[in-house]
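First the structure, in the form of structure tokens, and then the observations on it.
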Amino acid sequence: MRIYKLNEPNITAKYKEIVDRRLRNLEYIWKRGDIEEMWIAFKEVLHNSAKEVCGTIRSDNTRKQTAWWNKELKEQLEMKKTAWRKYLSLRTLEAHEEYKIQGKKVKKLVIKSKQMSRENFGNRMENARAGNQILFFRMLKKLKRDKKDITIEINDKQGRTLTEENDAHMERIF
């Protein structure tokens, strides 16, 4: 669900109105006094109201895609493949040079696309930090989950790994 939409005042007002109306319709459940039935009804009212007001997101988690992949990159890669096939059929120096030039174009385009993707991610994180904190912490959680443990070794002049904090070399650093 797109619950971030509840930050907008008009959406919040509409949500409250729908929840109030639906809860008033469930008075017969409140009068019975069965706590389990009351909880299920309350939960369904909140969930269905949010679904109606905010809408849902359909996601296909089985097909992950990179954020930097785009149509232009796909076209350039197709041109590179075509240049490679041409080189394989002709086996000329010109065809090989054309393939190498196209390969360099694709590399530059990938680097540019990845850099733009990182900048967009940084901007989204900065905007989410203040406005949509749910999105911000969700992204942070994903980053922590994907992070690998990195160990850093400090070696002395002889190449031995320093392990103790009281080593002379460590004292000079810290």
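Residue 255, in the working numbering, is where the sequence shown stops; the numbers in between run on with no holes.
Backbone N, C-alpha and C define an ideal beta-carbon position, used for all residues, glycine too.
All of these numbers come straight from a predicted model, not from anything done at the bench.
The DSSP-derived three-state label of Thr-242 is strand. Straight across, the Cα-Cα distance linking Asn-151 with Ser-170 is about 29 Å. Between the beta-carbon of Ile-84 and that of Ala-131 there is about 6 Å, and that keeps the pair under the 8 Å contact cut. Going by beta carbons, Leu-107 and Tyr-96 fall outside the 8 Å limit. Beyond the five residues adjoining it in sequence on each side, Leu-154 comes within less than 7 Å, by CB distance, of Leu-190, Val-191, Ser-194 in the same chain, given in chain order. Cα atoms of Lys-225 and Met-197: separation of roughly 22 Å, rounded to the nearest angstrom. Straight-line measurement puts the Cα of Arg-219 at about 36 Å from the Cα of Glu-159. Gln-214 carries a helical assignment under DSSP once its states are collapsed to helix, strand and coil. Only buried fits Glu-179, as 16 or more other CB atoms lie within 10 angstroms of its CB. Apart from sequence neighbours up to five positions away, the residues of its chain that approach Met-119 with a beta-carbon distance below 7 Å are Ile-110, Trp-111, ordered along the chain. Between Thr-137 and Met-82 a beta carbon distance of about 5 Å is seen, short of the 8 Å cut, so the two are scored as contacting. CA-to-CA, the gap between Thr-93 and Glu-133 works out to about 12 Å. The C-alpha of Ile-215 lies about 8 Å from the C-alpha of Ala-209.
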